[in-house]
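K.L.:
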Amino acid sequence: MKILVVDDEADVQPLFLQRFRKEIRNQEVEFDFALSGEEALKYLEDKHSEVVLILSDINMPGMSGIELLGHIREDFGDPPPPPVVMMVTAYGDDENYRQAMDKGANDFLTKPLDFDLLKQKLKNLAE
Numbered sequence: 277m278k279i280l281v282v283d284d285e286a287d288v289q290p291l292f293l294q295r296f297r298k299e300i301r302n303q304e305v306e307f308d309f310a311l312s313g314e315e316a317l318k319y320l321e322d323k324h325s326e327v328v329l330i331l332s333d334i335n336m337p338g339m340s341g342i343e344l345l346g347h348i349r350e351d352f353g354d355p356p357p358p359p360v361v362m363m364v365t366a367y368g369d370d371e372n373y374r375q376a377m378d379k380g381a382n383d384f385l386t387k388p389l390d391f392d393l394l395k396q397k398l399k400n401l402a403e
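Count along the sequence shown from 1, add 276, and you get the number used in my numbering.
Put into structure tokens, the structure is as follows:
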């Protein structure tokens, strides 16, 4: 399962690689990372058919995660099946949740991430 993580904080990459080292070693998941919404869209232009899941921060400089979500749903709908998009935010407020769901998010997670919960969601998605 190829997962694109979009977050402007560079320390997210080593955290995911460390928390998912067993799954990566067993070739259950493969991660790619983008530091902005703009970088994520460039990545998806070439590889959207490979990406099963996108985990995107909401609050980023430049293009927000909500704006990125809108582009993903408009530009990479079908075919193939559109990627599952989970929005991640440090702010578990109702407005961010409503906007994300209105734009077509599949799920909404809050920071700090509960990696056990995320792993369970990925397992459910794989089945």
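Idealized CB from N, CA, C, for every residue including glycine. What you are looking at is a predicted structure, and each value in this text was computed from that prediction instead of being measured.
Just to confirm, are M362 and D383 a CB contact at a threshold of 8 Å?
P.N.:
Less than 8 Å divides the Cβ of M362 from the Cβ of D383.
K.L.:
From what residue to what residue does the beta strand (DSSP E) around M362 run?
P.N.:
V360 to T365
K.L.:
Between the C-alpha atoms of Q396 and L344, what's the straight-line distance to the nearest angstrom?
P.N.:
Those two C-alpha atoms are separated by around 25 Å.
K.L.:
Are the segment 304-321 and the segment 277-288 in contact at 8 Å, needing three or more beta carbon pairs?
P.N.:
At 8 Å Cβ cutoff, the stretches touch.
K.L.:
From P290 to K318, what does the alpha carbon distance come to, in whole angstroms?
P.N.:
22 Å
K.L.:
Whose C-alpha, out of A366, F296 and K278, is nearest the C-alpha of L394?
P.N.:
F296
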